[in-house]
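All residue numbers in the sequence shown are consecutive under my numbering, ending with 327.
For every residue, glycine included, the Cβ atom is placed at its ideal position computed from N, Cα and C.
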Amino acid sequence: MLRFTQAVRCGRPLTRNRFYSSIPTKSRVQLVAELRKLSNAPIIKARQALDENNGDFDAAVQWLEEDMRKSGAAKAEKVKDRATSEGLISISVLEGGMGSRSGSGCVKASIIELNCESDFVSRTEEFARLANDVSEIVAHSQTQQQDTSSPFTTLSVEDLLHLSHKSGTVGSLITDLIARIGENISLRRAMLLTSPTSSNTAYRVASYLHQGRVGALDLISLRPSQSSLFNDDSFIGDLEKLERALAKQTAGFMTLGISEKRNLEDELETVLYEQPFMMLGGENASIPVRKVLDQWQEKWGLEELAVSSFARWEVGRD
10 MLRFTQAVRC GRPLTRNRFY SSIPTKSRVQ LVAELRKLSN APIIKARQAL DENNGDFDAA
70 VQWLEEDMRK SGAAKAEKVK DRATSEGLIS ISVLEGGMGS RSGSGCVKAS IIELNCESDF
130 VSRTEEFARL ANDVSEIVAH SQTQQQDTSS PFTTLSVEDL LHLSHKSGTV GSLITDLIAR
190 IGENISLRRA MLLTSPTSSN TAYRVASYLH QGRVGALDLI SLRPSQSSLF NDDSFIGDLE
250 KLERALAKQT AGFMTLGISE KRNLEDELET VLYEQPFMML GGENASIPVR KVLDQWQEKW
310 GLEELAVSSF ARWEVGRD
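Structure (structure tokens):
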């Protein structure tokens, strides 16, 4: 806002008017700081952006975006053959994915593995944010189930890299971070969970991440004898505790199957239902998971309670 003032001498206004702005002009140092905050660009690049655009801040922002896109693509090409053995597992469950109070509605979630070269980079906030962003984009994608017999759909990494996002594409998000840190980053795999549609069975998702290195997604199916049970706060609280424990159990053990071995040579402890329910703790810690679920089902008068499907991923392992 501009203020107009007139100087007065001996009762008469002077012929020269002066204007004062209530908004102070930002210094070059402040503009450089803001550019770096917005773009994470090095200080030299932020200064260059201002110089190239005669101090125009908005134009400098656009210049930096274009420069990062070009330099990122060049760096990505240069480091693309480097091995990426470190990284993070990230999971996103859409709002309502844990199941609504009515127990109805489609459940949708995603699990992805994003890799980098070093353990140091995998522990940075920037890398964790990128992994989270990618998993959220995947969860919101409109990908259709390829196999209706399974609620999990393995997604094409190549297709995901071209998936649009408000800041560009998944590929451009990855390239931008490569430009900033100078390490190779790759999206190794991604999977989308979409629950079946049923009029009498409710589906809920339980998820757990252990230090970003191990992740588990459990699809839990339950059929209450009466729908009003989902309005019972005690039931919901007890159910959420059970779900967390199931996801931690799936991640904590080398879980490969639900009710039976995946392969004949597998150990019995790879079967979820046969494992002692250590993650629920208390008196249940030594009782097999399936037996605890049976007891829980009887306690709340459910017609069905089961882990219908799951995904357990570790960084660098299939």
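Beta carbon of residue i nearer than 8 Å to that of residue j
{"i": "Arg198", "j": "Val166", "result": "yes"}
{"i": "Gly96", "j": "Ser131", "result": "yes"}
{"i": "Leu73", "j": "Leu40", "result": "no"}
{"i": "Ile121", "j": "Leu196", "result": "yes"}
{"i": "Leu255", "j": "Asp227", "result": "yes"}
{"i": "Ile52", "j": "Gly221", "result": "no"}
{"i": "Leu170", "j": "Thr163", "result": "no"}
{"i": "Arg213", "j": "Ile229", "result": "yes"}
{"i": "Val223", "j": "Glu292", "result": "no"}
{"i": "Ser101", "j": "Ser158", "result": "no"}
{"i": "Ser176", "j": "Leu182", "result": "yes"}
{"i": "Trp305", "j": "Leu251", "result": "yes"}
{"i": "Ala362", "j": "Met77", "result": "Since the first and last residues shown for the chain are 10 and 327, residue 362 lies out of range."}
Start and end residues, beta strand (DSSP E) containing residue i
{"i": "Ser101", "result": "Glu95 to Val102"}
{"i": "Arg197", "result": "Ile194 to Thr203"}
{"i": "Ser119", "result": "Lys117 to Cys125"}
{"i": "Thr163", "result": "Phe161 to Thr163"}
Proximity winner among the options, relative to residue i (alpha-carbon distances)
{"i": "Ala188", "options": "Arg299, Ala83 and Leu311", "result": "Ala83"}
{"i": "Gly261", "options": "Gly246, Glu86, Leu251 and Leu281", "result": "Leu281"}
{"i": "Lys46", "options": "Val70, Val147 and Ser318", "result": "Val70"}
{"i": "Ser317", "options": "Glu75, Ser234, Pro160 and Arg56", "result": "Pro160"}
{"i": "Val38", "options": "Asn49, Asp275, Ser48 and Ala55", "result": "Ala55"}
{"i": "Thr210", "options": "Thr93, Glu192 and Ser234", "result": "Ser234"}
{"i": "Asp128", "options": "Ala92, Ser181, Thr264 and Lys257", "result": "Ala92"}
{"i": "Asp8", "options": "Ala215, Ser48 and Glu313", "result": "Examination of residue 8 is not possible in this model, given that the chain is present from 10 through 327 alone."}
{"i": "Ser208", "options": "Cys115, Asp142 and Val102", "result": "Cys115"}
{"i": "Ala294", "options": "Gln258, Ser176 and Ala225", "result": "Gln258"}
{"i": "Glu86", "options": "Gly310, Gly180, Ser236 and Asp60", "result": "Gly180"}
{"i": "Val88", "options": "Met77, Gln151, His149 and Gly191", "result": "Gly191"}
{"i": "Ser141", "options": "Glu126, Asp168, Leu103 and Ser80", "result": "Residue identity differs from the one stated: residue 141 is Asn in this sequence, not Ser. Checked all of Glu126, Asp168, Leu103 and Ser80; the closest Cα to Asn141 is Leu103."}
{"i": "Ile194", "options": "Ser243, Glu126 and Lys270", "result": "Glu126"}
Coarse secondary structure for residue i, derived from DSSP in three states
{"i": "Leu226", "result": "strand"}
{"i": "Arg132", "result": "coil"}
{"i": "Leu172", "result": "coil"}
{"i": "Ser237", "result": "helix"}
{"i": "Asp327", "result": "coil"}
{"i": "Gly177", "result": "strand"}
{"i": "Ala137", "result": "helix"}
{"i": "Arg1", "result": "Residue numbering for the chain in the displayed model covers 10 to 327; residue 1 lies beyond these limits and cannot be assessed."}
Beta carbon proximity, residue i to chain C, threshold 8 Å
{"i": "Cys125", "result": "Of the protein chains in this structure there is only one, and it is not chain C."}
Run of the alpha helix (DSSP H) containing residue i, from where it starts to where it stops
{"i": "Ala55", "result": "Ile52 to Glu61"}
{"i": "Ala92", "result": "It is not in any alpha helix (DSSP H) - Ala92 carries neither H nor E in the DSSP assignment."}
{"i": "Gln39", "result": "Arg37 to Ser48"}
Cβ-heavy atom distance, residue i to the ligand FAD, below 7 Å
{"i": "Gln220", "result": "Annotation note on the ligand FAD: not contained in the displayed structure, which lists no ligands."}
Requested in this report: Just list the alpha helix (DSSP H) runs in the stretch 247 to 325, keeping only unbroken ones of 4 residues or longer that don't cross its boundaries, in chain order.
Outcome: Listed in chain order, they are 298 to 308.
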